[in-house]
Amino acid sequence: MTQITIIKITEYGPWTLTLGSDREHELQMLQAGMYREVQKLFSEKNALVFSNRFDEFFVVSNGLSLQDHIEIQKKLAKFSSLKLAISIGYADTPFEANLKAFEGKKTPVILDKDLTIYGFVDGRSDQLVTIMHFDVENLTSRRKVHSPYEITSTIFRLYSRMSDFFLQKNSLAFFMGGDNFMVISGADHRENAREFLDVAKNEFDITLNCGIGTGRTGREAAKLATNSLDTIRENRKSGNERSQIYEMSCS
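To convert a position in the sequence shown, counted from 1, into the numbering used here, add 54.
See below:
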C-alpha cells in the first residue's frame, strides 16, 4: 500500500502575471525555495518529496495522518503567501494512489476546507512502500566525447522512456538530477527493474544500476534503495559479484 500526497500551487498562472515581464528569475527562486521548504517539512516526518513540474510536488507520505498534513500546511502558509492545495490518496500501487488523490480533489472530498486539503488518508505505519534508485554507470566516459548539453539531452530522453515504461507498471518515475532517477514502485519491482535495464541498454546503449529499497516510510525506502545502489558499487570495486540490481528491505 502506498500513500501519495500531491501539493499544488493554486492560482499560480494569474499570480505570475502580476510580476510583470521581468519575472522569470523571481519565479525560479520562489520554486526552488518552495521545494526546499516542502522537502524539509515532510522529511522531518520521514516522508520523501519529488518535484513535479516545479509548481507541484509528489510526496511518499506513508504513515502520515491528516493531522500531520494539517501541521505541515499551516507551516507552509507562514512560509509563502501563495496558496497551496493538498490532495491525498492511497492504493495498492503508486499510480492508483495518485488517481485516488486526484479523485479526492476533483470530487471534491474535503478533509479540511480552511487549509484546502482533500482526499483519502490511510496513515497506518505498518504499510510498506518500495522505491528504486537508478543511476547511469560510467557517465564520465561519455563526458569525454559529448558536450554537457548533449549529455543532458540523452538523460532527458532516457527519463521520458522510463516514465512511460513504469507508468505501464502502475509506478511513478522521477528525475533526481545528475544521472539519478527514483521510481515509486508497484509490485514485481525486481522483474520490472531488470526489464528496464534491458530497455536502456538496447535503445540508448546506456548501462544502468538499480538499488531497490522497501520500507515503512518514504525516507526509509529511499535510504535502503540508495544503500543497495552503494552496495553494487562496493561489490564491483572489491571484485565480488557484478550484479546491476541489489535489494534491501526493512522486514
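In this text, a Cβ means the ideal position worked out from N, Cα and C, and glycines have one as well. A quick note: this is a predicted structure, and the numbers were derived from the prediction, not measured.
- Pairwise C-beta distances place the region 212-221 out of contact with the region 153-169, as fewer than three of them are shorter than 8 Å.
- Between V114 and the set N281, I209 and A276, the nearest pair of CA atoms involves A276.
- Contact check for Y144 and T56: beta-carbon distance about 7 Å, within the 8 Å limit, so the pair qualifies.
- A Cβ-Cβ separation of about 14 Å leaves L130 out of contact with L118 under the 8 Å criterion.
- Bounds of the beta strand (DSSP E) holding S105 are L102 to N106.
- Across the set T70, F149 and F96, the C-alpha of F149 shows the shortest separation from the C-alpha of F228.
- The continuous stretches of beta strand (DSSP E) do not include A276, which lies in the alpha helix (DSSP H) extending over residues G272 to K291.
- When the five nearest sequence neighbours on each side are left out, the beta carbons in the same chain lying within less than 7 Å of the beta carbon of M230 are those of M236, in order along the chain.
- Under the three-state reduction of DSSP output, F111 falls in the strand class.
- By the beta-carbon neighbour count (other beta carbons within 10 angstroms, threshold 16), H123 is buried.
- Between D233 and V190, the C-beta spacing is below 7 Å.
- Excluding sequence positions up to five before and after K159, its CB lies within less than 6 Å of the CB of S141 and Y172, all in the same chain and listed in chain order.
- If you look at G231, you'll find it in the beta strand (DSSP E) that goes L226 to G231.
- In the three-state reduction of the DSSP assignment, H187 falls in the strand class.
- DSSP, reduced to helix, strand and coil, places E301 within a strand of the structure shown.
- Inclusion of N100 and R273 in the CB contact set at 7 Å is warranted, their separation being smaller than that value.
- The criterion of a C-beta distance shorter than 7 Å is satisfied by N224 and T147.
- With a cutoff of 7 Å on beta-carbon distance, G265 and C304 are scored as not near each other.
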